[in-house]
Amino acid sequence: MNSSGEAPFWRDQEEIVITGISGRFPRCENVQEFGDLLMAGEDLVTEDNLRWPPGSQLAIVHSILLP
Numbered sequence: 085m086n087s088s089g090e091a092p093f094w095r096d097q098e099e100i101v102i103t104g105i106s107g108r109f110p111r112c113e114n115v116q117e118f119g120d121l122l123m124a125g126e127d128l129v130t131e132d133n134l135r136w137p138p139g140s141q142l143a144i145v146h147s148i149l150l151p
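Residue numbers for the sequence shown follow this note's numbering, beginning at 85 and rising by one.
In structure tokens:
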């Protein structure tokens with residue numbers, strides 16, 4: 085439900101299933117380890133250059149709209 089008490093527009097749409105995922109995550113070898121650390125409340129933000137130099141991000145995603 086949204087703030088007006090209505091079901092989201094996608095609620096009556098066909099369901100989807102995410103069957104796989106990959107990525108590079110800080111201090112983690114895989115997605116499961118990343119999820120476990122997040123759920124444990126670990127702070128994974130670092131100011132080192134283990135992944136890439138600070139300030140060299142290709143893009144910042146501010147929001148995602150799903151159909």
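The C-beta atom is built at its ideal place from N, Cα and C for all residues, glycine as well.
All figures in this text were calculated on a predicted structure; none of them were measured in a lab.
Out of curiosity, what's the CA-to-CA distance linking residue i and residue j?
i: residue 115; j: residue 121; result: 10 angstroms
i: residue 124; j: residue 112; result: 13 angstroms
i: residue 100; j: residue 149; result: 15 angstroms
i: residue 146; j: residue 90; result: 25 angstroms
i: residue 132; j: residue 109; result: 14 angstroms
i: residue 106; j: residue 127; result: 20 angstroms
i: residue 119; j: residue 103; result: 16 angstroms
Going along the chain, which residues of its own chain have a beta-carbon closer than 8 angstroms to the beta-carbon of residue i, five neighbours each way excluded?
i: residue 130; result: 110, 111
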